[in-house]
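Student:
In this note's numbering, the protein residues as written are 3 to 182.
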(Lines of atoms letter the chains of each structure in order from A and count residues from 1; the text may use other names and numbers.)
(Lines give C-alpha, C1' and ligand atoms only; values in the text may rest on other atoms or scores of the structure.)
Protein backbone atom coordinates (compact mmCIF):
# COMPACT_ATOMS: atom_id res chain seq x y z
CA UNK A 1 0.00 0.00 0.00
CA UNK A 2 1.86 3.13 -1.17
CA UNK A 3 1.39 6.64 0.15
CA UNK A 4 1.52 9.59 -2.25
CA UNK A 5 3.92 9.03 -5.13
CA UNK A 6 6.51 11.49 -6.42
CA UNK A 7 9.74 11.36 -8.34
CA UNK A 8 11.38 11.79 -11.71
CA UNK A 9 9.86 10.18 -14.79
CA UNK A 10 6.19 11.19 -14.37
CA UNK A 11 5.47 11.87 -18.04
CA UNK A 12 1.74 11.53 -17.38
CA UNK A 13 2.03 14.55 -15.03
CA UNK A 14 0.02 13.22 -12.10
CA UNK A 15 -1.84 15.57 -9.78
CA UNK A 16 1.16 15.56 -7.42
CA UNK A 17 3.64 16.46 -10.17
CA UNK A 18 1.16 19.04 -11.45
CA UNK A 19 1.15 20.67 -8.01
CA UNK A 20 4.97 20.69 -7.97
CA UNK A 21 4.94 22.40 -11.39
CA UNK A 22 2.41 24.99 -10.18
CA UNK A 23 4.62 25.83 -7.20
CA UNK A 24 7.77 26.10 -9.34
CA UNK A 25 5.99 28.21 -11.96
CA UNK A 26 4.72 30.64 -9.33
CA UNK A 27 1.11 29.64 -10.01
CA UNK A 28 0.35 28.94 -6.35
CA UNK A 29 0.07 32.35 -4.68
CA UNK A 30 -0.99 30.88 -1.33
CA UNK A 31 -0.49 27.53 0.33
CA UNK A 32 -2.52 25.54 2.83
CA UNK A 33 -1.51 24.56 6.37
CA UNK A 34 -1.48 20.84 5.85
CA UNK A 35 0.80 17.89 5.23
CA UNK A 36 1.62 15.14 2.73
CA UNK A 37 3.26 11.78 2.79
CA UNK A 38 5.14 11.44 -0.47
CA UNK A 39 7.30 8.42 -1.18
CA UNK A 40 9.81 8.38 -4.02
CA UNK A 41 8.62 6.28 -6.95
CA UNK A 42 12.04 4.58 -7.06
CA UNK A 43 11.71 3.53 -3.40
CA UNK A 44 8.16 2.31 -4.02
CA UNK A 45 9.28 0.25 -7.02
CA UNK A 46 11.98 -1.35 -4.86
CA UNK A 47 9.43 -1.97 -2.08
CA UNK A 48 7.03 -3.68 -4.50
CA UNK A 49 9.79 -5.93 -5.83
CA UNK A 50 10.84 -6.81 -2.28
CA UNK A 51 7.21 -7.53 -1.32
CA UNK A 52 6.95 -9.94 -4.26
CA UNK A 53 10.26 -11.61 -3.41
CA UNK A 54 10.33 -11.54 0.42
CA UNK A 55 6.80 -10.69 1.54
CA UNK A 56 4.86 -13.18 3.61
CA UNK A 57 1.78 -14.63 1.93
CA UNK A 58 -1.38 -12.70 2.81
CA UNK A 59 0.50 -9.81 4.43
CA UNK A 60 0.15 -6.14 3.51
CA UNK A 61 3.01 -3.66 3.65
CA UNK A 62 2.75 0.11 3.93
CA UNK A 63 5.27 1.79 1.66
CA UNK A 64 5.57 5.40 2.75
CA UNK A 65 7.97 8.10 3.90
CA UNK A 66 7.96 10.71 6.63
CA UNK A 67 5.19 13.28 6.81
CA UNK A 68 6.07 16.71 5.39
CA UNK A 69 4.09 19.95 5.53
CA UNK A 70 3.19 21.83 2.36
CA UNK A 71 5.25 24.74 3.71
CA UNK A 72 8.34 22.50 4.08
CA UNK A 73 7.78 21.12 0.58
CA UNK A 74 7.52 24.67 -0.84
CA UNK A 75 10.71 25.74 0.94
CA UNK A 76 12.69 22.84 -0.55
CA UNK A 77 11.24 23.51 -4.01
CA UNK A 78 12.23 27.17 -3.65
CA UNK A 79 15.79 26.19 -2.74
CA UNK A 80 16.07 23.70 -5.62
CA UNK A 81 14.36 25.77 -8.34
CA UNK A 82 15.09 29.37 -7.37
CA UNK A 83 11.38 30.19 -7.20
CA UNK A 84 9.77 32.03 -4.33
CA UNK A 85 7.46 29.91 -2.17
CA UNK A 86 3.99 31.14 -1.19
CA UNK A 87 4.18 33.58 1.74
CA UNK A 88 0.70 32.91 3.07
CA UNK A 89 -0.59 29.49 4.18
CA UNK A 90 -4.35 29.32 4.77
CA UNK A 91 -5.94 27.42 7.65
CA UNK A 92 -7.57 24.15 6.59
CA UNK A 93 -11.11 25.33 7.43
CA UNK A 94 -10.83 28.35 5.14
CA UNK A 95 -9.25 26.22 2.41
CA UNK A 96 -12.12 23.71 2.64
CA UNK A 97 -14.69 26.52 2.32
CA UNK A 98 -12.84 28.02 -0.66
CA UNK A 99 -12.54 24.61 -2.33
CA UNK A 100 -16.32 24.11 -2.21
CA UNK A 101 -16.86 27.48 -3.90
CA UNK A 102 -14.17 26.79 -6.52
CA UNK A 103 -15.67 23.39 -7.33
CA UNK A 104 -19.13 24.92 -7.86
CA UNK A 105 -17.72 27.69 -10.09
CA UNK A 106 -15.63 25.23 -12.10
CA UNK A 107 -18.64 22.95 -12.61
CA UNK A 108 -20.68 25.87 -13.98
CA UNK A 109 -17.85 26.92 -16.31
CA UNK A 110 -16.86 23.38 -17.30
CA UNK A 111 -13.29 23.86 -16.04
CA UNK A 112 -11.05 22.26 -13.41
CA UNK A 113 -11.00 23.94 -9.99
CA UNK A 114 -7.67 25.23 -8.71
CA UNK A 115 -8.49 23.70 -5.32
CA UNK A 116 -10.71 20.71 -4.54
CA UNK A 117 -12.25 19.39 -1.34
CA UNK A 118 -10.38 16.13 -2.00
CA UNK A 119 -7.01 17.91 -2.13
CA UNK A 120 -7.82 19.71 1.14
CA UNK A 121 -8.86 16.37 2.68
CA UNK A 122 -5.49 14.90 1.68
CA UNK A 123 -3.68 17.80 3.39
CA UNK A 124 -5.89 17.55 6.48
CA UNK A 125 -5.82 13.82 7.23
CA UNK A 126 -3.21 12.02 9.29
CA UNK A 127 -0.28 11.58 6.91
CA UNK A 128 2.05 9.89 9.38
CA UNK A 129 2.22 6.23 8.40
CA UNK A 130 4.04 3.42 10.16
CA UNK A 131 6.09 1.61 7.53
CA UNK A 132 8.45 -0.14 9.98
CA UNK A 133 7.05 -3.58 9.03
CA UNK A 134 8.17 -3.03 5.42
CA UNK A 135 11.57 -1.85 6.65
CA UNK A 136 12.01 -4.90 8.88
CA UNK A 137 10.59 -7.63 6.67
CA UNK A 138 11.39 -6.34 3.18
CA UNK A 139 14.46 -4.18 3.70
CA UNK A 140 12.42 -1.18 2.46
CA UNK A 141 14.39 2.07 2.65
CA UNK A 142 13.42 5.59 1.76
CA UNK A 143 15.45 8.49 0.53
CA UNK A 144 14.73 11.90 2.06
CA UNK A 145 11.93 14.00 0.60
CA UNK A 146 14.57 16.69 -0.04
CA UNK A 147 16.49 14.30 -2.32
CA UNK A 148 13.30 13.30 -4.12
CA UNK A 149 12.32 16.94 -4.68
CA UNK A 150 15.84 17.84 -5.87
CA UNK A 151 15.73 14.97 -8.38
CA UNK A 152 12.17 15.91 -9.43
CA UNK A 153 13.19 19.53 -10.12
CA UNK A 154 16.27 18.40 -12.09
CA UNK A 155 14.13 16.02 -14.13
CA UNK A 156 11.49 18.70 -14.80
CA UNK A 157 14.20 21.12 -15.95
CA UNK A 158 15.69 18.48 -18.25
CA UNK A 159 12.26 17.56 -19.66
CA UNK A 160 10.74 21.05 -19.88
CA UNK A 161 10.67 20.94 -23.70
CA UNK A 162 9.05 17.50 -23.72
CA UNK A 163 6.50 18.34 -21.03
CA UNK A 164 5.93 21.96 -22.03
CA UNK A 165 4.77 22.72 -18.51
CA UNK A 166 7.63 24.45 -16.78
CA UNK A 167 9.41 27.73 -17.34
CA UNK A 168 12.83 28.43 -15.81
CA UNK A 169 14.58 31.66 -16.79
CA UNK A 170 18.08 32.17 -15.35
CA UNK A 171 17.13 30.65 -12.01
CA UNK A 172 13.95 32.71 -11.82
CA UNK A 173 10.49 31.36 -12.38
CA UNK A 174 7.52 32.92 -14.04
CA UNK A 175 4.04 31.59 -14.68
CA UNK A 176 3.40 30.16 -18.11
CA UNK A 177 0.69 31.88 -20.11
CA UNK A 178 -0.96 28.60 -21.05
CA UNK A 179 -0.54 25.00 -20.06
CA UNK A 180 -2.00 22.64 -22.66
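Every residue gets a Cβ at the ideal spot worked out from N, C-alpha and C, and that includes glycine.
Look at the alpha carbon of residue 160 and the alpha carbon of residue 26, and state the distance between them as a whole number of angstroms.
Tutor: Roughly 14 Å between the two C-alpha positions.
Student: Keeping to the same chain, check which residues put their C-beta closer than 6 Å to that of residue 157; ignore five residues upstream and five downstream.
Tutor: 10
Student: Which residue's Cα is closest to the Cα of residue 125: 75, 60, 65 and 44?
Tutor: 75
Student: In three-state DSSP terms, what is residue 75?
Tutor: helix
Student: Sorted by chain position, which residues of the same chain lie with C-beta nearer than 8 Å to residue 92's C-beta, five sequence neighbours on each side aside?
Tutor: 32, 33, 34, 35 and 100
Student: Count the other C-beta atoms from every protein chain shown that fall within 10 angstroms of the C-beta of residue 37, then say buried if there are 16 or more, exposed otherwise.
Tutor: buried
Student: On the DSSP letters alone, give me the boundaries of the beta strand (DSSP E) that residue 132 sits inside.
Tutor: According to the DSSP assignment, residue 132 belongs to no beta strand (DSSP E), since it is labelled neither H nor E.
Student: Closer than 6 Å by C-beta to residue 87: which residues in its own chain qualify, once you throw out the five before and the five after it? Chain order, please.
Tutor: 76, 77 and 80
Student: Measure the C-alpha to C-alpha separation of residue 141 and residue 5 and round it to an integer number of angstroms.
Tutor: 17 Å
Student: Cβ atoms of residue 46 and residue 72: under 8 Å apart, would you say?
Tutor: no
Student: Of the choices 153, 113, 118 and 84, whose alpha-carbon is the least far from that of residue 97?
Tutor: Measuring from the Cα of residue 97, the nearest candidate turns out to be 118.
Student: Going by DSSP, what residues sit across from residue 42 in a beta bridge?
Tutor: 8
Student: Can you give me the start and stop residues for the alpha helix (DSSP H) that residue 64 sits inside?
Tutor: It is not in any alpha helix (DSSP H) - residue 64 carries neither H nor E in the DSSP assignment.
Student: So, residue 43 versus residue 90, is the Cβ gap smaller than 8 Å?
Tutor: no
Student: What's the C-alpha gap between residue 3 and residue 53?
Tutor: Answer to the nearest angstrom: the Cα atoms are 11 Å apart.
Student: Do you know offhand how far residue 155's Cα is from residue 102's?
Tutor: About 31 Å.
Student: Within 10 angstroms of the Cβ of residue 12, are there 16 or more other Cβ atoms? Answer buried if so, exposed if not.
Tutor: buried
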